[in-house]
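Top line first, the protein sequences correspond to chains G and Y.
Start counting at 1 in the first sequence, then tack on 60, and there's your number in the working numbering.
Each step along the second sequence adds one to the number in the working numbering, with nothing skipped, and position 22 is 16.
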Amino acid sequence: ETGVTQSPTHLIKTRGQQVTLRCSSQSGHNTVSWYQQALGQGPQFIFQYYREEENGRGNFPPRFSGLQFPNYSSELNVNALELDDSALYLCASSSSTGSSYNEQFFGPGTRLTVL
Amino acid sequence: AQSVSQHNHHVILSEAASLELGCNYSYGGTVNLFWYVQYPGQHLQLLLKYFSGDPLVKGIKGFEAEFIKSKFSFNLRKPSVQWSDTAEYFCAVNLYNNNDMRFGAGTRLTVKP
Chain G
61 ETGVTQSPTH LIKTRGQQVT LRCSSQSGHN TVSWYQQALG QGPQFIFQYY
111 REEENGRGNF PPRFSGLQFP NYSSELNVNA LELDDSALYL CASSSSTGSS
161 YNEQFFGPGT RLTVL
Chain Y
-5 AQSVSQHNHH VILSEAASLE LGCNYSYGGT VNLFWYVQYP GQHLQLLLKY
45 FSGDPLVKGI KGFEAEFIKS KFSFNLRKPS VQWSDTAEYF CAVNLYNNND
95 MRFGAGTRLT VKP
């Protein structure tokens, strides 16, 4: 059973640029959630994708957007990067019918640095 | 707004000491409760969860947590810690049937051999 994978591992961007982060869900999982974890903080929920549609969103501006593909992999896109976007971005997959109370399996994260 | 508070940022214990990590949340509705652990260099993984039923929940590696609804608390306990329990521990809450999972800031546990 393949776990959740994320790419790239690390990324450095400058303010105003755009970035795309990728996540492959665990085999058999149809739901992907994205989180932002700033240094010294717990993960903050960005949004969740279920069957290729956004299925819940946290308190993040519209410049944070996502996609889910038919194979359930997912992308997180961030436009107009700001310094405060520097964080570890975590992807978690789960097998659900659209609710979130199934165990989420986390990937290793992508460390984004915005200069 | 729903929030999760973990009272201790860093806890240092000797092996065989007992552990209790506090977690409080601020939501009055039905909630699902979780403890996650992140060992050094590893991914976040689930320690235990509470959805309903017996408020005393047992998880992996000898951990347990007790849900006290009147106190909005879900404290994590282990009677005797080991050096291998050194990790960061996160409490998380989500509203029943809601996809927004809220995490606490985490507690770093260091166990001295």
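For every residue, glycine included, the Cβ atom is placed at its ideal position computed from N, Cα and C.
{"Check": "Buried or exposed by the 16-neighbour rule on C-beta atoms within 10 Å, applied to I106/G", "Outcome": "buried"}
{"Check": "Cβ pair K73/G, L172/G closer than 9 Å", "Outcome": "yes"}
{"Check": "Pick from H89/G, E114/G, F124/G and E113/G that is closest to L136/G, judged by C-alpha positions", "Outcome": "F124/G"}
{"Check": "Test: E113/G CB closer than 9 Å to a CB of chain Y", "Outcome": "no"}
{"Check": "Delimiting residues of the beta strand (DSSP E) encompassing R117/G", "Outcome": "E113 to R117"}
{"Check": "Cβ pair Q78/G, N139/G closer than 9 Å", "Outcome": "yes"}
{"Check": "Between the CA atoms of L99/G and Q0/Y - distance to the nearest angstrom", "Outcome": "16 Å"}
{"Check": "Cα-Cα separation between Q66/G and A86/Y, rounded to whole angstroms", "Outcome": "22 Å"}
{"Check": "From S(-3)/Y, N2/Y, W29/Y and A10/Y, residue whose alpha carbon lies closest to that of Q104/G", "Outcome": "S(-3)/Y"}
{"Check": "Within 9 Å, strictly: CB atoms of S8/Y and K72/Y", "Outcome": "no"}
{"Check": "The ligand ZN heavy atom lying under 8 Å from the CB of G126/G", "Outcome": "Looking at this structure, you won't find the ligand ZN or any other ligand, since it has none at all."}
{"Check": "Residue from N18/Y, L27/Y, A99/Y and A59/Y with nearest C-alpha to F45/Y", "Outcome": "L27/Y"}
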